Amino acid sequence: MQTSLADYVISFDNALDRDFCAQLVVQFNRLQDRWYRGGIAQMPGLAESSWAELNISAFADDAFKGFFLSLIDKY
Numbered sequence: 005m006q007t008s009l010a011d012y013v014i015s016f017d018n019a020l021d022r023d024f025c026a027q028l029v030v031q032f033n034r035l036q037d038r039w040y041r042g043g044i045a046q047m048p049g050l051a052e053s054s055w056a057e058l059n060i061s062a063f064a065d066d067a068f069k070g071f072f073l074s075l076i077d078k079y
C-alpha cells in the first residue's frame with residue numbers, strides 16, 4: 005500500500021490571510037539557526053524523510069499565541 009503526504013496532512017483553505025502566511029514564512033526562514041531538523045538520521049524508519057520544525061512559543065508574544073491557539077480550536 006502506497007501512501008502520500010495527503011494521507012497525513014489536512015489543509016484549511018483561507019484559514020489565514022495570505023499576507024499573514026507570507027510573514028510566517030519569512031520569520032520561519034529567518035530563524036533557521038533555531039530549527040529542529042527531523043527525519044534523516046534522526047529517527048528510525050525515516051531514512052527517506054526530512055523536515056524542519058520551529059517552536060514559536062519561545063518567540064511569540066501572548067497575543068499571537070492566543071490568536072494561533074484559537075485557530076487550532078476553530079479548525
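Our numbering puts the first residue of the sequence shown at 5, with every later residue one more than the last. Heads up, the beta-carbon is just placed ideally off N, CA and C, and yes, glycines get one too. No experiment lies behind these values; they were computed from the predicted model shown.
Asked, Found
"With DSSP run on the structure shown, which of helix, strand or coil describes SER74?", "helix"
"When DSSP labels each residue in this structure, what does ALA64 get in the three-state scheme?", "coil"
"Round the Cβ separation of GLU57 and TYR40 to the nearest angstrom and send it over; I've been treating them as touching at under 8 angstroms.", "4 angstroms"
"Please state whether DSSP places ALA56 in a helix, a strand or coil.", "strand"
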